[in-house]
Amino acid sequence: MRHLVYTLLFIIFGFQAANAQLSTGMTLGPTVPVGKFSDIAGVGFNFTIESRYALTENLNVGLNIGYVRNGYAKDLRNGIETVLSQRAGGNIELSTARYSAVPVTLVGEYIFGDNELRPFAGLELGGYIVSNKLAVERGGEETDSNTALGLGIMGGALYEIADELDVMATLKFTTTTGAIDFGEKRGVTYLSINFGVRYRLDF
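Per the working numbering, the very first residue in the sequence shown carries number 1; after that it's consecutive.
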């Protein structure tokens, strides 16, 4: 995974050194778990740093590096605290109960039109480092990490507010292969609503 990240970064930043048709940006927003992931996770947040290279006026390729975090679902967290309290013969509270993922993905996106407001659609595919962490107040902690492959389908819009600066909004559906073990392997599957900025670099 580390070698993949270095290779992707080399490719993207190599483009940046050689060509002026580049942009970079950042987005953030909430993540809403769906499917089986919603049984064990609550609403969380994510942020993404992105880099884009324009193959044509309407077609971009690039790299996303992000962070996604969701706490345990309330019923699951309460159930774990109840079981631990019964075993310990006293009140046990969790200080940390969360899932996190670090996605490193290749992205392709198509931008419709060339006006100030430009809708776009895209796909991303890459690796996800998924972590499940559980910690007890004034006690121990346990962390389990796995890698997974993930796919994202997105749509959104860019709006130009200056010559080289856009604001953007994106709706994205993301799903990964099974990386969390709850008797069966479950993927990290969620909808994210992101807002951010994109700056077009000028060399």
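Glycine is no exception: its CB is placed at the ideal position from the N, C-alpha and C atoms.
Cβ-Cβ separation, residue j to residue i (assumed contact under 8 Å), whole Å
i: Ser192; j: Thr174; result: 7 Å
i: Gly25; j: Tyr199; result: 6 Å
i: Tyr110; j: Asn58; result: 6 Å
i: Leu125; j: Leu151; result: 6 Å
CA nearest to the CA of residue i, picked from the options
i: Pro103; options: Asn91, Arg69, Arg138 and Leu94; result: Arg69
i: Tyr99; options: Thr105, Leu117, Ser38 and Asn78; result: Ser38
i: Asp166; options: Gly108, Ala121, Tyr128 and Phe195; result: Phe195
i: Val188; options: Gly156, Gly127 and Met154; result: Gly127
Opening and closing residue of the alpha helix (DSSP H) in which residue i lies
i: Gly79; result: Lys74 to Ala88
Contacting residues, own chain, Cβ-Cβ under 6 Å from residue i (five flanking each side not counted)
i: Asn19; result: The predicted position of Asn19 is uncertain, since its pLDDT is 46 and thus under 50; no value can be drawn from it.
i: Glu141; result: Ala135
i: Leu28; result: Phe47
Other residues of its chain near residue i: CB distance less than 7 Å, five sequence neighbours each side excluded
i: Leu55; result: Val61
i: Val34; result: Thr189, Tyr190 and Leu191
i: Ile205; result: This structure cannot settle anything about residue 205, because the visible part of the chain is limited to 1 through 203.
Extent of the continuous beta strand (DSSP E) run through residue i
i: Asp166; result: Leu165 to Thr176
i: Gly127; result: Leu117 to Val136
i: Phe182; result: No beta strand (DSSP E) contains Phe182, which DSSP labels as neither H nor E.
i: Phe45; result: Gly44 to Ala54
i: Glu142; result: Glu141 to Ala162
i: Gly35; result: Looking at the DSSP string, Gly35 is not in any beta strand (DSSP E), and its letter there is neither H nor E.
i: Gly196; result: Tyr190 to Leu201
i: Gly66; result: Leu59 to Gly71
Cβ-based neighbour list, residue i, same chain, cut-off 8 Å, excluding 5 preceding and 5 following
i: Phe182; result: Ile40
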